[in-house]
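Okay, structure first, notes after.
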Amino acid sequence: MADNHFLEQVLPTCRLILDNALWTKLSSQFDPATLDALPELLQQIVNDQTHLAFLPDLARLEIAIFQVAQCKTERTGWADVEINPCLQLLALQWKHLCSLILDSRASPSPEPEPELILVWPGSKGRVLYRPALNNDILALKLIVEDISVPEAAARTGSRQSRIWPIIHQAVRNRVLLGKESLIRRNWNMPDALAEKYQTTDTFTLQWHLTQACDLQCRHCYGREPRKPLDVEKALYVLEDFDAFCRQKHVHGQVSFTGGNPMLHPQLHLIFEEAVNRGFTVGFLANPTSKEQLKSLLQKGPIAFYQISLEGLEEHNDYIRGQGHFQRSLAFLDTLRELGIYSMVMLTLTKANSKQVLDLAQVLEGRADLFTFNRLSMVGSGAYLTPADKMEFTDLLTSYQTQAKSVSGMGFKDNLFNLYRLQNDLPLFGGCTGYGCGAAFNFVALLCDGDIHACRKFPSPLGNIFDHSLEEICDSDLAHAYRQGPAECKDCPIRHVCRGCMAVIHSSGLDVFTNRDPYCFQKG
1 MADNHFLEQV
11 LPTCRLILDN
21 ALWTKLSSQF
31 DPATLDALPE
41 LLQQIVNDQT
51 HLAFLPDLAR
61 LEIAIFQVAQ
71 CKTERTGWAD
81 VEINPCLQLL
91 ALQWKHLCSL
101 ILDSRASPSP
111 EPEPELILVW
121 PGSKGRVLYR
131 PALNNDILAL
141 KLIVEDISVP
151 EAAARTGSRQ
161 SRIWPIIHQA
171 VRNRVLLGKE
181 SLIRRNWNMP
191 DALAEKYQTT
201 DTFTLQWHLT
211 QACDLQCRHC
221 YGREPRKPLD
231 VEKALYVLED
241 FDAFCRQKHV
251 HGQVSFTGGN
261 PMLHPQLHLI
271 FEEAVNRGFT
281 VGFLANPTSK
291 EQLKSLLQKG
301 PIAFYQISLE
311 GLEEHNDYIR
321 GQGHFQRSLA
331 FLDTLRELGI
341 YSMVMLTLTK
351 ANSKQVLDLA
361 QVLEGRADLF
371 TFNRLSMVGS
381 GAYLTPADKM
391 EFTDLLTSYQ
401 TQAKSVSGMG
411 FKDNLFNLYR
421 LQNDLPLFGG
431 CTGYGCGAAF
441 NFVALLCDGD
451 IHACRKFPSP
461 LGNIFDHSLE
471 EICDSDLAHA
481 YRQGPAECKD
491 CPIRHVCRGC
501 MAVIHSSGLD
511 VFTNRDPYCF
521 QKG
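Numbering (our numbering), first residue to last: 1 to 523.
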């Protein structure tokens, strides 16, 4: 009986398909010590049952799933990326077997045609299995044969920027394993939260390439004169950022912004150098021409493109210039046409707080993501009025209610989590996926090399031409920004909140001591 129970654990779908007589025959001859011989035994038992000819292959798949479930996914080497040691690649002679595991009556039925199947451990103890894709095979081949991305690009005639995403996706899927990130918070948190929010595997360089801009927004926080980087210094930045990511075992993301990065005279060259190093690259910029986007796409993928709108047409154009609203809507259509993920950001003020929900409805189906953050009263923003605290709190409620029925409405402001905590709703990652991510999973790089913990308020950490990014991010000052306000230290949602330091600064408070003045947590 014990062996029969074990056999049912290993072959649950085969058990559903086999009749009792054949299953009893299989059970009586099965030896648990020879698990890998089970498909051959099954072949003998169903040899004269042509409608069950696929069962030996189905058994191979179920055995692989069982074995992977017992396997521990620990890294076995020192390479930057290696094949998941628990992964199994099965060459089967029947296809459509994966669907049978989910439903023994699934359609289409098994067909006698070769198929490669991947079986590997996912997160939280799940076992994943599916037909192998061409990109899976390429990623595995590069690692097995120790082929570099530049070499692979040369062999295939592809751009490096087309191959890197294949590697990154394989790592995200855990088909490949990267080294454990060395960017870590050491906060006293429950194990589940510690695993999810203590460590980041991606670090973003928000790179302000130039101060040049084709708009004169009334709330701009960065109009001070700074010369744009020349190409030589830009390449130095990319080399240093690449070294930082390798040293910290994280994936690098570059968000080009400004000013308007589209106005940098060597943007195309810098963009190409960034994507060829394997960085995920996106833009926080103003609407541009379809031609410029197509030209960039020839050099590599654009992961996202974020523009800003400040409310409905009349108010937005008052802030950003006549005609900007309609140009932006047309540009969003262009992004969708080119397959570029589109994002719209609104800076919340007293003047536009009642337009947020209406704007979200206008953008539904046009922008992939719409979010807002609060005004930072820095630069020209000092002349605007921030949102009323009570109106802001009410907006948190109404926004989340509308987001249930209007697609594309995202959550960014950390204080959404406070509302969700108080209403027994699941928390989300906050502003950067880790609450305030200043100097934790991102920094802002200005065009003269100055690095800030966050661009929305003065938070200088050093200059990348004086010290490496690793030295800057390992400094005591960067650590202080990562810790956030002391008054947030004992908050139960510290890991996904800590308010907004730009708002704290705007209110004349100490960003290392005082909590966000909009915070409505008691105590």
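Heads up, the beta-carbon is just placed ideally off N, CA and C, and yes, glycines get one too. Since the structure is predicted, the reported quantities are computational estimates derived from the model, not experimental observations.
For residue i, the first and last residue of its enclosing alpha helix (DSSP H)
| i | result |
| --- | --- |
| Y419 | 415-422 |
| Y236 | 231-248 |
| T397 | 389-403 |
| W120 | Not the alpha helix (DSSP H): W120 falls in the beta strand (DSSP E), residues 115-121. |
| S27 | 20-29 |
| I270 | 267-276 |
| Y383 | First-last for Y383: undefined, no H or E at that position. |
Beta-bridge partners of residue i, as assigned by DSSP
| i | result |
| --- | --- |
| R184 | T199 |
| W164 | Paired residues: none, contrary to the question. |
| H251 | T202 |
| A88 | Here residue 88 is Gln; the residue named in the question, Ala, does not match the sequence. Beta-bridge pairing links Q88 to V119. |
| K95 | E111 |
| Q292 | Answer by DSSP bridge pairing: none, since Q292 is not bridged. |
| P131 | I117 |
| A190 | Looking at the sequence shown, residue 190 is not Ala but Pro. None, per the DSSP bridge assignment. |
| N463 | D450 |
| A37 | A37 pairs with nothing; no bridge assigned. |
| Q306 | L284, M343 |
| A438 | F442 |
C-beta contact flag for residue i and residue j at 8 angstroms
| i | j | result |
| --- | --- | --- |
| F457 | S380 | no |
| N533 | C497 | It is not possible to answer for residue 533, since the shown part of the chain is limited to 1 through 523. |
| N260 | A285 | yes |
| G252 | D240 | no |
| L396 | R366 | no |
| N373 | K412 | yes |
| I455 | R185 | Correcting the residue type first, residue 455 is Arg in the shown sequence and not Ile. No, these two residues do not count as a Cβ contact at 8 angstroms. |
| L267 | L209 | yes |
| L7 | S27 | yes |
| V378 | L363 | no |
| D466 | R226 | no |
| L263 | D214 | yes |
| S342 | Y305 | yes |
| V503 | S308 | no |
| A69 | V144 | no |
| P110 | F54 | yes |
Own chain, CB closer than 7 angstroms to residue i, minus 5 neighbours either side, in chain order
| i | result |
| --- | --- |
| Q524 | Outside the displayed span of the chain (1 to 523) sits residue 524, for which this structure offers no information. |
| M1 | Note that M1 has pLDDT 40, beneath the 50 cutoff, so the model's placement of it is unreliable and the number below is only indicative. Result list for M1: empty, nothing under 7 angstroms. |
| V254 | L205, W207, A274, F279, V281 |
| Q160 | V149, P150, A153, N276 |
| A64 | Q88, L90, V119 |
| H249 | G178, K179, E180, S181, L182 |
| C245 | F203, H251, G252 |
Inter-residue spacing [alpha-carbon to alpha-carbon] between residue i and residue j
| i | j | result |
| --- | --- | --- |
| E151 | T280 | 20 angstroms |
| L38 | L18 | 14 angstroms |
| L42 | L133 | 29 angstroms |
| Q361 | L335 | 19 angstroms |
| Y129 | C98 | 7 angstroms |
| G326 | L346 | According to the sequence as given, residue 326 is Gln; it is not Gly. Rounded to the nearest angstrom, the two C-alpha atoms are 16 angstroms apart. |
| R60 | G125 | 20 angstroms |
| D510 | I472 | 21 angstroms |
| W120 | A139 | 15 angstroms |
| G435 | I166 | 29 angstroms |
| E62 | I163 | 32 angstroms |
Own chain residues within Cβ distance below 6 angstroms of residue i, not counting five before or after
| i | result |
| --- | --- |
| A486 | T513 |
| C71 | C86 |
| K522 | none |
| G178 | V81, V171 |
Enclosing beta strand (DSSP E) for residue i [first to last residue]
| i | result |
| --- | --- |
| D57 | No beta strand (DSSP E) holds D57; the alpha helix (DSSP H) holding it covers 55-70. |
| F372 | 369-374 |
| S342 | 342-348 |
| D450 | 450-452 |
| E82 | 81-83 |
| N173 | First-last for N173: undefined, no H or E at that position. |
| T156 | That residue, T156, is in no beta strand (DSSP E); its alpha helix (DSSP H) goes 149-156. |
| T280 | 280-284 |
Residues of its chain near residue i, where Cβ-Cβ distance is below 8 angstroms and the 5 sequence neighbours each way are ignored
| i | result |
| --- | --- |
| G9 | The question names Gly, but residue 9 in the sequence shown is Gln. Contacts found: F66. |
| L461 | A439, V443, I451, H452, A453, I472, C473, S475, L477, A478, Y481 |
| K25 | I45 |
| P426 | R420 |
Closer than 8 angstroms to chain C by CB, residue i
| i | result |
| --- | --- |
| A243 | The structure shown contains no chain C; it is built from a single protein chain. |
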